[in-house]
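Those letters in the sequence shown? Residues 2 to 465, by this note's numbering. All C-beta atoms in this analysis are idealised placements derived from N, C-alpha and C, irrespective of residue type, glycine included. If you're wondering where the values come from, they're calculated on a predicted model, not measured in any experiment.
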Amino acid sequence: MIGLTLARIVIETQTPLAIHSGLREDGFDTQLARDANGLPYIPGTSIAGVWLHLAKQHLQSKVNTDEWFGSIKQRSLLKISNGVLIDSKGKLVKGLILPSKIKDDTLLNRLAQASPHHRERVAINDRGVAEDKAKYDQILLPKGIRFCVDIRVESQQLKADEWQQLLSLWHSRLFALGADTRNGLGQIKVIGVQQTHIDLSDLSGAHPTDKISDFFASPLPTTHTLSQQETPLIELQLEVDGYWRFGSGATPLNQSGHDAAMLSYSEPSVTWQNGIPSWQVPKPVLCGSAIKGILAHRTAFHYNRITARFAETLADATHQQWQARPNKLADLFGTIEDDQVPLKEDSSPKAGRLIVEDSPIEYKPEQVTVRYHNSIDRFTGGVRRGALFSEELLYEPTITIRIWLLGDEQLDHKLLQAFEATIDDLTNGLLPLGAGAGRGTSLVKPSGGFAKGTLAYLSLESGQ
Numbered sequence: 002m003i004g005l006t007l008a009r010i011v012i013e014t015q016t017p018l019a020i021h022s023g024l025r026e027d028g029f030d031t032q033l034a035r036d037a038n039g040l041p042y043i044p045g046t047s048i049a050g051v052w053l054h055l056a057k058q059h060l061q062s063k064v065n066t067d068e069w070f071g072s073i074k075q076r077s078l079l080k081i082s083n084g085v086l087i088d089s090k091g092k093l094v095k096g097l098i099l100p101s102k103i104k105d106d107t108l109l110n111r112l113a114q115a116s117p118h119h120r121e122r123v124a125i126n127d128r129g130v131a132e133d134k135a136k137y138d139q140i141l142l143p144k145g146i147r148f149c150v151d152i153r154v155e156s157q158q159l160k161a162d163e164w165q166q167l168l169s170l171w172h173s174r175l176f177a178l179g180a181d182t183r184n185g186l187g188q189i190k191v192i193g194v195q196q197t198h199i200d201l202s203d204l205s206g207a208h209p210t211d212k213i214s215d216f217f218a219s220p221l222p223t224t225h226t227l228s229q230q231e232t233p234l235i236e237l238q239l240e241v242d243g244y245w246r247f248g249s250g251a252t253p254l255n256q257s258g259h260d261a262a263m264l265s266y267s268e269p270s271v272t273w274q275n276g277i278p279s280w281q282v283p284k285p286v287l288c289g290s291a292i293k294g295i296l297a298h299r300t301a302f303h304y305n306r307i308t309a310r311f312a313e314t315l316a317d318a319t320h321q322q323w324q325a326r327p328n329k330l331a332d333l334f335g336t337i338e339d340d341q342v343p344l345k346e347d348s349s350p351k352a353g354r355l356i357v358e359d360s361p362i363e364y365k366p367e368q369v370t371v372r373y374h375n376s377i378d379r380f381t382g383g384v385r386r387g388a389l390f391s392e393e394l395l396y397e398p399t400i401t402i403r404i405w406l407l408g409d410e411q412l413d414h415k416l417l418q419a420f421e422a423t424i425d426d427l428t429n430g431l432l433p434l435g436a437g438a439g440r441g442t443s444l445v446k447p448s449g450g451f452a453k454g455t456l457a458y459l460s461l462e463s464g465q
């Protein structure tokens, strides 16, 4: 008996998604992967790669990954389609469609643009300015976009337990797609899963081809029974102690009509109700890459302090040596191949083990204000030319920080001490999260429970 198992999975982006083609759009550093309609899609190879990686990491002793995903010696049981967009009517975008249909669709029209959304990225050195060749942008798909993925498994005897364990990985927080998943991008949510098993040798009832057609013609699934229990390394509720701003935005948040020269960074998103999407006004967000950069700088400071690497010992060091991180920090934050001058010869590029999620900013409209600044001429007592400006600030918004740790390898004891000291600084209001720290803004304090998750166990193991 030859059986065919069909599964249809509907997913929704919980953070912006960056799946690039390797080329560049005009005026940008990256380009989204697009199909024949010019619409973004998720390549099946990307899905298979993430799925296989998680299966090897979490199910190696329970599932034969070579059998399911294939190898040089055998073909894969899984046939994974590309992730296809779902339009503003809640329908799949199948095959070639007319350009007029894309233009008239409120969702597809925006996604067909060269840049539906983008983020500016920059790496800061020890002097507080951009590192050389470390300023770039990323074209992204906004939060809330839905895709549909179809999966086929053809086998004589389906291993149902292994199949369900593989499906459950889709509901894992670690199942993230695209670039910069460890900086908060690419997080997905499973909206619905539909599956069926068809006996291809059974011709007594409806023909198997009719059953297959009926399955794909049915409405998109909106429920699922997948379960996955995971605990973040750290989950921290913070409240800003005073005023807050982050990044550089283009959309004012205040409703008073007062213009401001400096706006907080905000992002558009899509929400779904009864299967129909709608665009939401841009809302402020603290990007995971920004949080990670702040934590990395302070962790480097504490690690240098713990290892007695002080400025006095670097009097003859070059600029590149000054701005280079200690090699041990790569275990948590990663490093790249041309990452300045390493401190040791045995350093090599690697991905960091920390995943830092984007943090939406919770606030009320009445908490938005505009503050004016000027610089006084010491001789005339008047305002200096070009030195009068304003900035839009949020008063005491709340921020939720969620950090995950990948892998089971034990961390270096001194590195863990430095990271814990950084988290203590954050909870004690000694580490600003945002812009304008020199003017007294963006200082934070705990507003709720502080869940260290597995951090306490890591500390115990590291100290043994």
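Could you give the C-beta distance for residue 70 and residue 62, rounded to a whole number, given that I count them as a contact under 8 Å?
Not quite, the Cβ-Cβ distance comes to about 16 Å (not below 8 Å), so this is no contact.
So the beta strand (DSSP E) residue 280 belongs to, where does it begin and stop?
277 to 287
With distances taken between CB atoms, is the gap from residue 177 to residue 188 smaller than 8 Å?
yes
According to the neighbour-count rule (16 or more other Cβ atoms, all chains shown, within 10 Å of its Cβ), is residue 429 buried or exposed?
exposed
What is the DSSP secondary structure of residue 438, counted as helix, strand or coil?
helix
Candidates 170, 173, 165 and 182: which alpha carbon is nearest residue 197's?
165
Residue 4 vs residue 200 beta-carbon contact at 8 Å:
yes
Within 8 Å, strictly: CB atoms of residue 191 and residue 8
no
Could you compute how far the alpha carbon of residue 302 sits from the alpha carbon of residue 249?
27 Å
How far does the beta strand (DSSP E) with residue 131 in it reach, from first residue to last?
131 to 141
Rounded to the nearest angstrom, what separates residue 337 and residue 331 at their Cα positions?
9 Å
Look up residue 20 in the DSSP assignment and say whether it is helix, strand or coil.
Look at residue 20 here: in three-state DSSP terms it is coil, with no helix or strand label.
Who are the near neighbours of residue 115 in its chain, counting only those whose CB is closer than 6 Å to its CB and skipping five residues on each side?
26
As assigned by DSSP and simplified to three states, the class of residue 32
coil
With three or more beta-carbon pairs closer than 8 Å as the criterion, would you say the segment 411 to 423 touches the segment 250 to 263?
As far as the Cβ criterion goes, the segment 411 to 423 does not touch the segment 250 to 263, which means the pair count is below three.
With DSSP as the reference, identify every bridge partner of residue 116, one or two as the case may be.
Answer is none; residue 116 lacks a bridge partner.
Using only the alpha-carbon positions, how far apart do residue 466 and residue 171 sit?
A query on residue 466 cannot be resolved here, the shown segment of the chain reaching from 2 to 465 and no further.
Can you name, in chain order, every residue of its own chain whose Cβ lies under 8 Å from the Cβ of residue 438, other than the five neighbours on each side?
444
Exposed or buried, what is residue 184 when buried is set at 16 or more other beta-carbons lying within 10 Å of its beta-carbon?
buried
Is the beta carbon of residue 39 within less than 7 Å of some heavy atom of the ligand SAM?
Judged by which ligands are present, the structure shown has none, so any question about the ligand SAM falls away.
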